[in-house]
Amino acid sequence: MIIKKSLINKSIEYILQHIDEEISIEDVANYCNFSKYHFSRMFKAETGISLYSFIKRVKMDQSAVSLKVEKDKTITDIGINYGYSSSNYSSAFSKQYSICPKGSYGNREEISY
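Those letters in the sequence shown? Residues 1 to 113, by full-length UniProt numbering.
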């Protein structure tokens, strides 16, 4: 049990360190020296969320922080920094937070399509 929690914590640290990069389930599993299938099952069993969903959630949460802090960047740039195309970012953000990125952070540039 302690070993599993240690591996989960190790994987979360890896995800946070590489959140602005393309991160695959295989990357995280390899970092923890597991197959992606075994690690994915273990991650979900321990956390209650799939590894893929966790990565998406963390990317979206970090992008929301960037929207507040990085006022010099466009919404499109922030979305792209976290691996989204401009239209996908707006849709994913709206789905996650029930508000569009522009509406949630005031005077921001419109996402370009």
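Glycine included, every Cβ here is placed at the ideal spot set by N, Cα and C.
Nearest CA to the CA of residue i: which residue from the options?
| i | options | result |
| --- | --- | --- |
| lysine 95 | Asn81, Asp61, Thr74, Ile80 | Asp61 |
| tyrosine 31 | Ile12, Phe93, Lys5 | Ile12 |
| glutamine 17 | Lys59, Ala45, Cys100, Ser66 | Lys59 |
| lysine 56 | Thr74, Glu22, Ile2 | Glu22 |
| leucine 67 | Ser87, Ser85, Lys102 | Lys102 |
| alanine 64 | Ser98, Thr47, His38 | Ser98 |
To the nearest angstrom, report how far apart residue i and residue j are at their CA atoms.
| i | j | result |
| --- | --- | --- |
| phenylalanine 34 | asparagine 81 | 28 Å |
| aspartate 20 | glutamate 70 | 14 Å |
| phenylalanine 93 | serine 50 | 19 Å |
| isoleucine 15 | lysine 5 | 15 Å |
| tyrosine 89 | cysteine 100 | 10 Å |
| asparagine 9 | threonine 76 | 31 Å |
| serine 24 | tyrosine 52 | 8 Å |
| phenylalanine 43 | lysine 36 | 10 Å |
| lysine 73 | valine 28 | 29 Å |
| serine 112 | threonine 47 | Residue confidence for serine 112 is low, a pLDDT of 40 falling below 50, so the modelled location carries little weight; the figure read from the coordinates is stated next. Rounded to the nearest angstrom, the two C-alpha atoms are 36 Å apart. |
| isoleucine 2 | serine 40 | 17 Å |
| serine 91 | serine 85 | 10 Å |
Along the chain, where does the alpha helix (DSSP H) that runs through residue i open and close?
| i | result |
| --- | --- |
| asparagine 88 | 86-97 |
| isoleucine 25 | 25-31 |
| tyrosine 14 | 2-17 |
| threonine 74 | Per DSSP, threonine 74 belongs to no alpha helix (DSSP H) and is neither H nor E. |
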